[in-house]
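Trainee:
In UniProt numbering, the protein residues as written are 1 to 337.
(1) Taking the alpha-carbon of residue 279 as reference, which of 45, 70, 270 and 83 has the nearest alpha-carbon?
(2) Am I right that residue 165 and residue 39 are in contact with their C-beta atoms under 8 Å? What's the rounded C-beta distance?
(3) Would you mind giving the Cβ-Cβ distance between residue 136 and residue 163, rounded to the nearest angstrom? I have them listed as a contact below 8 Å.
(4) Which stretch, first to last residue, makes up the beta strand (DSSP E) that contains residue 258?
(5) Just to confirm my understanding: we take residue 244, look at its own chain, exclude 5 residues before and 5 after, and list those with CB closer than 7 Å. What are they?
(6) Can you name the residues that DSSP bridges to residue 21?
(7) With residue 34 and residue 127 assumed to form a contact (beta carbons below 8 Å), what rounded beta-carbon distance in angstroms separates them?
(8) Using 8 Å as the threshold, is the C-beta distance between residue 384 and residue 104 below it?
(9) Where do the N-terminal and C-terminal ends of the beta strand (DSSP E) with residue 312 fall, by residue?
(10) In or out: residue 69 buried (at least 16 other Cβ within 10 Å) or exposed?
(11) In three-state DSSP terms, what is residue 59?
(12) Note down the Cα distance separating residue 77 from residue 264, rounded to an integer number of angstroms.
(13) Can you tell me whether residue 86 is buried or exposed, with buried defined as 16 or more other CB within 10 angstroms of its CB?
(14) Would you tell me roughly how many angstroms separate the C-alpha atoms of residue 149 and residue 217, rounded to the nearest one?
(15) Tell me, to the nearest whole angstrom, how far the beta carbon of residue 42 is from that of residue 53; I am working on the premise that it is less than 8 Å.
(16) Would you kindly report the start and end of the unbroken beta strand (DSSP E) that includes residue 72?
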């Protein structure tokens with residue numbers, strides 16, 4: 001039996017690189033030799049708290065996870081149903097178990113593997129960020145943006161910063177405001193085109209936004225409101241979620257939730273009702289939207305390279321996760337098996 005190195009989770013914050021059986025391609029999957037894999041925020045929840053185990057492959061000694069991958073095709077299942085794909089092709093997509101030297105890409109979304117080939121000018125590192133960029137793209141699409149609208153993004157992680165990039169690529173005349181607690185991330189947001197950033201460690205988000213956008217009184221005890229057209233909640237924290245509701249414009253304000261929460265948040269539903277707000281969530285994407293995200297990179301409309309701040313070998317997987325937890329210093333840690 002052939003084996004491979006893989007980072008297997010044995011318990012909370014107990015990630016070990018061990019030898020496990022190397023998979024082959026199932027009839028309806030594609031086997032990929034992994035070149036780069038990103039440490040995802042969702043995976044951090046699994047690493048720290050054991051959440052989202054449905055996105056893991058059980059092993060004899062623990063759990064194998066990881067899904068933001070890029071690599072080379074090794075083997076294609078006879079029923080994978082993908083045209084014009086060959087061994088040696090450079091690809092990305094969505095998989096489970098990519099913190100390893102090899103991973104299988106099964107049909108997780110739809111009836112065939114979601115896998116796309118890389119343009120020649122897109123590196124493996126950049127391609128490992130296509131999946132989170134696709135999440136950002138779908139969040140922006142769900143917002144139904146119109147030209148000239150004012151957008152608040154709470155949380156300047158990979159998804160929040162990706163939303164800045166997508167908005168400035170597709171809706172350059174929209175005004176973007178970003179909040180976070182890390183100066184480094186807010187500086188990156190400004191470099192990507194955000195007109196204003198607010199460090200909520202030092203500044204009052206709601207007060208600043210009401211002063212900036214103007215405010216008006218709302219009936220039924222909710223006080224005053226700001227005039228933000230769209231809020232994208234990407235922090236995964238209850239405080240920013242409710243602050244988004246407080247500053248959205250009555251009647252036409254839209255909230256898009258794109259974060260997962262470690263604890264169930266309490267939501268001020270009176271804000272939603274009294275202001276006639278629209279609230280939607282987004283999780284998942286399609287082959288088409290992933291190709292759209294890839295094209296934004298290939299065409300030079302979005303630059304993902306500045307987001308990759310830390311690089312690790314597979315043997316250093318635990319260090320990569322601990323670095324990713326430090327949000328003040330790390331934007332995206334990439335592991336190279």
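C-beta: ideal position from N, C-alpha, C; glycine also.
Mentor: Reading it off the structure:
(1) 270
(2) At roughly 19 Å, the Cβ-Cβ gap does not stay under 8 Å, so residue 165 and residue 39 are not in contact.
(3) 5 Å
(4) No beta strand (DSSP E) contains residue 258, which DSSP labels as neither H nor E.
(5) Closer than 7 Å at Cβ, skipping near neighbours: 152, 154, 231, 233 and 255.
(6) 3
(7) At roughly 11 Å, the Cβ-Cβ gap does not stay under 8 Å, so residue 34 and residue 127 are not in contact.
(8) Nothing about residue 384 can be reported from this structure: the residues present for the chain run from 1 to 337 only.
(9) 308–313
(10) buried
(11) strand
(12) 40 Å
(13) exposed
(14) 21 Å
(15) So it is not a contact: roughly 12 Å between Cβ atoms.
(16) 68–76
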